[in-house]
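Enquirer:
Protein chains in written order, with our numbering: chain C, 2 to 123; chain L, 4 to 113.
1) May I have the straight-line CA-CA distance separating residue 113 of chain C from residue 48 of chain L, to the nearest angstrom?
2) Quick check on DSSP: helix, strand or coil for residue 20 of chain C?
3) Near residue 84 of chain L, what residues of its chain come up, given a Cβ to Cβ distance below 7 Å and the 5 sequence neighbours on each side ignored?
4) Along chain C, which residues have their Cβ under 7 Å away from the Cβ of residue 38 of chain L?
5) Any idea what DSSP makes of residue 84 of chain C, helix, strand or coil?
6) So which residues on chain C does residue 59 of chain L lean against when the C-beta distance must stay under 8 Å?
7) Taking the CB atoms as reference points, tell me whether residue 32 of chain L and residue 101 of chain L lie closer together than 8 Å.
8) Which of helix, strand or coil does DSSP assign to residue 93 of chain C?
9) Would you please state the rounded distance, in angstroms, between the beta carbons of residue 8 of chain L and residue 26 of chain L? I believe it to be under 8 Å.
10) Compute the distance between the beta-carbons of residue 91 of chain L and residue 104 of chain L, then report whether it is under 8 Å.
11) If you reduce the DSSP assignment to three classes, tell me which class residue 68 of chain L lands in.
12) Give every residue of the same chain whose Cβ lies closer than 8 Å to the Cβ of residue 34 of chain C, excluding the five residues on either side of it in the sequence, and list them in chain order.
13) Quick test of your reading: residue 50 of chain L and residue 110 of chain C, contact by CB under 8 Å. State the CB separation rounded to the nearest angstrom.
14) What did DSSP end up calling residue 89 of chain L once you bin it into helix, strand or coil?
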């Protein structure tokens, strides 16, 4: 059974860059054409997709509402994928989840990490 | 403002049935599969329904999903207090090339 675990950056200062890593165990991140994604949830709010990546498909999709602030990458030797979000503001305070798509980017997220709370402070 | 529209809250008594609606457009629900997620308090979302009406292993058959045109519906029968959670619909939007979610519906079992 594949398991996902987000890193814990804790607090990030406004205007700086948020960096998160998702460690995948129980399966290879580079196998098949599976997509891996990031989703966030601001306090008391709903789910917001940030973006998704596939190593095998050599493809990345990003939420256009984030205006290119988000970058997702894959580190196959470490079996991890990462999110960097630059120029953060208080509006980026949220629980950040990493998750696996069933296969394609249009498929649902069938496996989720527990989430990590990131607080942007001034 | 979410691309998909859900009612903010629904409620029903234990043992009863509840439905949660999710409304979209031709670029998302109308031409793509819909999934539903359950988020219990303080936990990560969990996949409940995929491909409009399929249940992952371990999801009981009192949970169902359907789709008609640009709307989808989640149904739960035999409500239990353990079903109290937030429920989200999600799909792919072909025009945005993005995963989109509904705003979520809080289910209260009275």
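For each residue, glycine too, the CB sits at the ideal point set by N, CA and C.
Quick caveat: nothing in here was measured; it's all calculated off a predicted structure.
Expert: Straight from the coordinates:
1) 7 Å
2) strand
3) 17, 112
4) 109
5) Here residue 84 of chain C sits in strand by DSSP.
6) 111
7) no
8) helix
9) 4 Å
10) yes
11) strand
12) The residues are 55, 57, 58, 104, 105.
13) The C-beta distance from residue 50 of chain L to residue 110 of chain C rounds to 7 Å, short enough to meet the 8 Å contact threshold.
14) strand
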